[in-house]
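Counting from 146, one number per residue, gives the positions in the sequence shown under our numbering. The beta-carbon is built from N, C-alpha and C at its ideal position, and this holds for glycine as well. Below is one structure, written out as structure tokens; comments come after it.
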Amino acid sequence: MKQSPDSIELLSVAEMTRADAMTIARGKAGITLMENAGAAVAREIVARFRQGPVSVLCGPGNNGGDGFVVARLLAEQGWPVTLFLLGRRDALKGDAAIAADRWPGAVHPLDADAGRGASLVVDAIFGAGLARDVAGVAAEAIARINEARIPVVAVDMPSGIDGDTGAVRGAAFAAALTVTFFRAKPGHLLLPGRLYCGELKVANIGIDAALLADIKPATFVNEPPLWSHVFPRPRLDSHKYSKGHAVVVSGGASHTGAARLAARGALRAGAGLVTVASPPSALLINAAHLTSIMLQVFDGADDLTAILEDKRKNALLIGPGAGVGPATRENVLAALLSGAAVVLDADALTSFAEIPRDLFVAIKGYFAGPVVMTPHEGEFARLFPKIVEEGGSKLDRARKAAAEAAATIILKGADTVVASPDGCAAIARNAGPELATAGSGDVLAGIVLAHLAQGMPPFEAAAAAVWLHGEAGRCFGPGLISEDLPEMLPAVLRDLIPAL
């Protein structure tokens with residue numbers, strides 16, 4: 146999806162409604178906003194599609210009003226337009242009624258065959274503010290148009306997709322293009338909604354960005370403008386200790402690869418020094434594979450405490466290949482008591498599945514430093530079963546977990562959500578299918594570790610790591626394996642740092 150880099154704020158449906166209302170209250174007529182929205186959609190259609198018969202499907206609210214404007218403007222440019230309305234024309238109110246009065250053509254009742262004979266369908270039935278599941282004739286029309294593979298341009302949001310959660314409400318259009326207004330909504334980025342939007346275009350319709358200062362959005366697209374102000378830049382007077390000393394805890398002899406992947410990711414992401422803390426059983430195999438990464442033996446929580454007494458070792462990752470059980474729990478608690486920044490991944494999370502409160506209490510303890518957790522959905526469900534039982538979107542669940550655990554949460558997936566205990570959250574949009582490979586998450590945890598070691602705050606460290614991880618996968622492309630990810634980071638950083 147394409148979106149201008151300065152438009153990183155994501156607005157909930159309620160926040161977007163407020164932005165509209167504030168704009169109207171400051172003197173801009175609602176019909177002007179509607180005309181601007183329809184004109185933006187029409188421009189995108191004319192620029193992208195060959196002229197041909199188009200069916201414009203309008204709903205009973207303001208989204209339908211936008212559709213009437215699109216229909217009129219396309220017809221004025223010579224497009225053969227047939228307009229279908231869900232509901233009665235005389236039931237339209239406000240700006241939608243004004244837009245309908247400006248449409249000079251016929252208005253047909255929406256039926257299941259509304260797409261028949263059309264080379265393009267404009268979906269202006271419901272938009273982002275859908276409050277119930279799509280059913281009846283609208284669901285039938287959606288099903289037939291999707292089945293016929295007629296290109297669909299969605300106005301604001303494909304009808305049937307919840308603007309806040311990305312959930313499919315009964316049935317939904319699979320759009321080739323979605324044109325939304327002022328700012329995108331979470332449902333444009335969260336799965337499965339993102340799959341239904343096609344290309345996303347965010348259009349300016351005359352709403353002043355200064356309104357965001359009053360709305361105070363707390364959800365963002367995960368892009369460099371979100372965290373660039375604290376991203377570490379190379380300095381001539383830097384030395385290895387000024388860039389942090391990261392520690393990765395290794396598992397036993399048969400589970401060492403994950404820790405080494407994470408350590409390599411941390412080193413490539415900029416940590417000045419990286420040490421793998423290895424149990425005696427894994428010392429020789431780790432030594433055989435490590436060169437620029439250092440190695441230190443440890444045998445239990447007391448040894449890990451001793452390692453972290455050197456306060457130059459300021460960030461630690463535990464979990465990849467660590468093993469599930471009491472020993473890992475003890476190591477985690479020792480790390481949290483050290484005051485170092487801590488990344489908890491994989492086995493470190495699952496080890497607390499039966500007693501998650503013990504982990505949360507330790508994180509909230511007096512000595513604990515910043516903590517980032519990196520669960521996938523399975524690990525999340527084991528650690529936060531009540532939150533999963535309550536339901537809600539991925540964004541909602543990540544926020545609740547961050548507040549409960551007092552830690553930054555990276556809830557992984559193609560739509561990875563990073564959430565802070567204060568409610569701030571970011572949704573990734575640059576993660577491709579090539580990242581679905583064993584060990585990819587271990588490298589991500591190592592990148593987070595490097596950022597914490599370099600002094601980034603935990604939310605920004607996590608968000609930047611997720612973005613870099615996605616870019617590294619995208620740059621490599623098909624055939625990626627996890628060992629490739631750290632080696633792609635220099636190229637990604639080479640392009641990123643001058644642009645910050």
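* Rounded separation between residue 486 and residue 429 - CA only -> 28 Å
* Asked: Which residues in the same chain have their Cβ closer than 6 Å to the Cβ of residue 244, if we skip the five residues on either side of it in sequence?
  -> 179, 210, 213 and 214
* Asked: When burial is assigned at 16 or more other CB atoms within 10 Å of the CB, is residue 390 buried or exposed?
  -> buried
* Asked: Given a threshold of 16 other Cβ atoms within 10 Å of its Cβ, counted over all protein chains shown, does residue 207 qualify as buried or as exposed?
  -> buried
* Please name the residue, chosen from 160, 159 and 216, that lies closest to residue 186 on a Cα-to-Cα basis. => 216
* **At least three beta-carbon pairs within less than 8 Å, the segment 295-315 to the segment 323-342** => yes
* Asked: Using CA coordinates, which residue listed in 528, 194 and 600 is at the minimum distance from residue 547?
  -> 528
* Cβ atoms of residue 423 and residue 467: under 9 Å apart, would you say? -> In this structure, residue 467 lies away from residue 423, with their beta-carbon atoms at least 9 Å apart.
* To do: Please report the residue range of the alpha helix (DSSP H) in which residue 478 lies.
  => Residues 471-482.
* Decide if the segment 552-568 is in contact with the segment 453-460; the criterion is three or more beta carbon pairs, one per stretch, under 8 Å apart. => no
* To do: Count the other CB atoms, across all protein chains shown, that sit within 10 Å of the CB of residue 542; report buried if there are 16 or more and exposed otherwise.
  => buried
* Distance, Cα to Cα, residue 328 vs residue 570? -> 16 Å
* Check the C-beta distance from residue 202 over to residue 269 and give it rounded, since I have them as a contact under 8 Å. => 6 Å
* **Span separating the alpha-carbon of residue 499 from that of residue 471** => Annotation: residue 499 to residue 471 spans about 11 Å, alpha carbon to alpha carbon.
* Three-pair Cβ contact test at 8 Å for the segment 506-521 versus the segment 530-538 -> The answer is no - the segment 530-538 does not touch the segment 506-521, with fewer than three Cβ pairs under 8 Å.
* **Integer-rounded CB distance, given that residue 408 should sit under 8 Å from residue 591** => At roughly 6 Å, the Cβ-Cβ gap stays under 8 Å, so residue 591 and residue 408 are in contact.
* To do: Return the bridge partner residues of residue 441 from the DSSP annotation.
  => 422
* Cβ contact (3+ pairs, closer than 8 Å) linking the segment 559-577 and the segment 347-360 -> Cβ pair count under 8 Å is below three, so no.
* Just the Cα atoms here: how many angstroms apart are residue 160 and residue 361? -> 9 Å
* To do: Decide yes or no for the touch test of the segment 383-400 against the segment 616-626: beta carbon pairs closer than 8 Å, at least 3 of them.
  => Judged by Cβ distances under 8 Å, the segment 383-400 makes no contact with the segment 616-626, as fewer than three pairs qualify.
* Give the DSSP-derived three-state secondary structure of residue 276 in the structure shown. => Here residue 276 sits in coil by DSSP.
* **Chain-order list of residues whose beta-carbon lies under 6 Å from that of residue 478 (same chain, five-residue window excluded)** => Excluding sequence neighbours, residue 478 sits near 507.
* To do: Leaving out five residues on either side along the sequence, give the residues of the same chain with a beta carbon under 6 Å from the beta carbon of residue 484.
  => 512 and 514
* Using alpha carbons as the reference points, say which of 588, 521, 325 and 594 lies closest to residue 152. => 325
* To do: Kindly give me the distance between the Cβ atoms of residue 346 and residue 189, rounded to whole angstroms, as I take these residues to be in contact under 8 Å.
  => 6 Å
* Closest by CA to residue 606, which one among 631, 416 and 502? -> 416
* Give me the Cβ distance between residue 376 and residue 154, rounded to the nearest whole Å; I'm assuming they're in contact under 8 Å. => Not really, about 19 Å apart at Cβ, beyond 8 Å.
* Asked: CA-CA distance, residue 368 and residue 265?
  -> 32 Å
* Exposure label - residue 623; buried when at least 16 CB within 10 Å -> exposed
* Which two residues bound the contiguous alpha helix (DSSP H) that contains residue 202? -> No alpha helix (DSSP H) holds residue 202; the beta strand (DSSP E) holding it covers 199-203.
* Please report the Cβ distance between residue 239 and residue 281, rounded to the nearest whole angstrom; I am assuming they are in contact, meaning their Cβ atoms lie under 8 Å. => In fact, because the Cβ distance is near 24 Å, the residues do not count as touching under 8 Å.
* Asked: Near residue 296, which residues of its chain fall below 6 Å by C-beta distance, leaving aside the five closest residues on each side in sequence?
  -> 265 and 321
* Asked: Counting along the chain, where does the beta strand (DSSP E) carrying residue 487 start and finish?
  -> 486-489
* **Residue range of the beta strand (DSSP E) that includes residue 325** => Here the beta strand (DSSP E) through residue 325 covers 322-326.
* What is the residue span of the beta strand (DSSP E) that residue 228 lies within? -> 226-230
* **Local conformation of residue 435 per DSSP, three classes** => Three-state DSSP puts residue 435 in coil, outside helix and strand.
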